[in-house]
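One structure below.
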Amino acid sequence: MPHLTKDDLAAFLPHAGSMRLLDRAASWDESSIRCHTQTHHDPGNPLRRGACLDAVTGIEYAAQAMGVHVGLLNGGLSSDGSIGYVGAVRDVVFGIDRLDDCPDELTIDATRLFMGDDSFLYRFAISSGGREVISGRASIFLKRAPV
38 MPHLTKDDLA AFLPHAGSMR LLDRAASWDE SSIRCHTQTH HDPGNPLRRG
88 ACLDAVTGIE YAAQAMGVHV GLLNGGLSSD GSIGYVGAVR DVVFGIDRLD
138 DCPDELTIDA TRLFMGDDSF LYRFAISSGG REVISGRASI FLKRAPV
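In this note's numbering, each residue carries its 1-based index in the sequence shown increased by 37.
This is how it looks when you write it as structure tokens:
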């Protein structure tokens, strides 16, 4: 599938401005997506706490990759007003304490394990410099707008 830029990714996420954490999607197919970013180096990153970007914020990076993937499969942000939410995360392993300590670009891989009507289960891994720094599983739920 074609490479998607930060501007392209905006069509698949409700976030705006610096809260758009992904720089590009390098590849995707029916079951997975690979995204890249350098936003963990941005001193204006809205997830920073003081001068620190805790590793736990990597879950939001993974959630955005999953959200883009769901959007790609569903044709973009839903016209019916539904929005995706992280329902739960499990089996998360942190190989680092701080995301901003990763000197290289982050690679975010998300692989869909299950898809229901309004729910998705993904396995995710974030790596930097060829080293996996965060991994786990997350469920995504679509909340439909009231009619």
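For every residue, glycine included, the Cβ atom is placed at its ideal position computed from N, Cα and C.
Is S165 closer than 7 Å to D141 when the C-beta atoms are compared? yes
Within 8 Å, do at least three Cβ pairs link the segment 74 to 84 to the segment 103 to 111? no
C-alpha distance - A147 paired with S69, whole-angstrom precision: Computed Cα separation, rounded: 6 Å.
Would you list the residues sitting across from F49 in a DSSP beta bridge? Bridge partners of F49: none, in fact.
So who's on the other strand from K180, going by DSSP bridges? I120
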